[in-house]
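Accompanying notes for the structure given below.
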Amino acid sequence: MAFQAIPDTFLKVYGPLIDKGYHPKCWRQATGAILAKPGKPDYSIPKAYRIISLLNCLGKVSERILARRLGLMAENGPLLHDSQMGGRRKRSAVDTAMLLTDFVERDKANSRNSSVAFLDVKGAFDHVAKGRLLQTMHSLSLPQSIIDWTRSFLEERLIRLAFDGQIEEFSEVETGVPQGSPISPILFLIYIRDLFQNLGDVYLLSYIDDIALATSSTSWTKNARILQREVGKLTRTGDSQAI
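Under the numbering used here, the first residue of the sequence shown is numbered 9, with each subsequent residue one higher.
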């Protein structure tokens, strides 16, 4: 609605900022709302909570524009692995679940046993290393303006935590991509894309930071051996890349 009211102003502001790869400092300030995760047995420990970054709305417009550009690149080129779902158009959590269900049902019809190992990338968005992400983007030959914008977006970020009616002073954020940003999911997918390049005898699916490795055969023991081997390869790759 704002764009419809003043389209020329929007174009004059966002066009040059994105083309030059700059995200203004005032848009890099966030309020981190600390929210309790539902159904946790002990709310006295930090893991029972998550932080959602409340970001400047004008800045989120810029973030959404870049997220859509990266999404289009992902659908029309090798930006992401085919198995990476979420953060992309028409690749929802429902699509991921249906693909995995189809894999199991087809093998069941052929009298084969299916086994699945479910993994989770611990810390996900909070642990994205800026240098590693930018290095991956360079290796993919992404436009320099997008790489520069991503660097600007992640540099000198400030956050103040809000919990139970109290708000802290701003402090600097050294690593990670902000929860609540439209571009964080696809930046995270780019960050972990290399995890999925050298896996062998498994059917691979992932939804953002949740990963499923599936295999099938006539032997449960063989399935377990294959999954153990491939999970080992995946974790070694993650360790070597500090993911």
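Here a beta-carbon is modelled for each residue, glycine too, at the ideal position from N, C-alpha and C.
Per DSSP, the beta-bridge partners of I175 are A170. The C-alpha of G47 is placed about 32 Å away from the C-alpha of A75. Counting other Cβ atoms within 10 Å of its Cβ, M93 reaches 16 or more and is therefore classed as buried. According to the DSSP assignment, L88 belongs to no alpha helix (DSSP H), since it is labelled neither H nor E. Assigned with DSSP and collapsed to three states, I216 falls in coil, not helix or strand.
The alpha carbon of Q249 has as its nearest neighbour, out of H135, R77, D90 and W35, the alpha carbon of H135. In this structure I216 is not in contact with G79, their Cβ atoms being roughly 14 Å apart against a cut-off of 8 Å.
By the C-beta density criterion, Y57 is exposed, having fewer than 16 other C-beta atoms within 10 angstroms. Boundaries of the beta strand (DSSP E) harbouring Q37: Q37 to A44, taken from the DSSP string. Taking a cut-off of 8 Å on C-beta distances, the segment 224–239 does not touch the segment 174–187, as fewer than three cross pairs fall below it. K130 has its alpha-carbon roughly 19 Å from the corresponding atom of V124. Assignment of Y199 by DSSP, reduced to helix, strand and coil, places it in the helix class. For S123, the enclosing beta strand (DSSP E) begins and ends at N121 to D128. Look at E180 here: in three-state DSSP terms it is strand.
When the beta-carbon positions are compared, I42 and L141 stay at least 8 Å from each other.
Beta-bridge partners assigned by DSSP to I60: A41.
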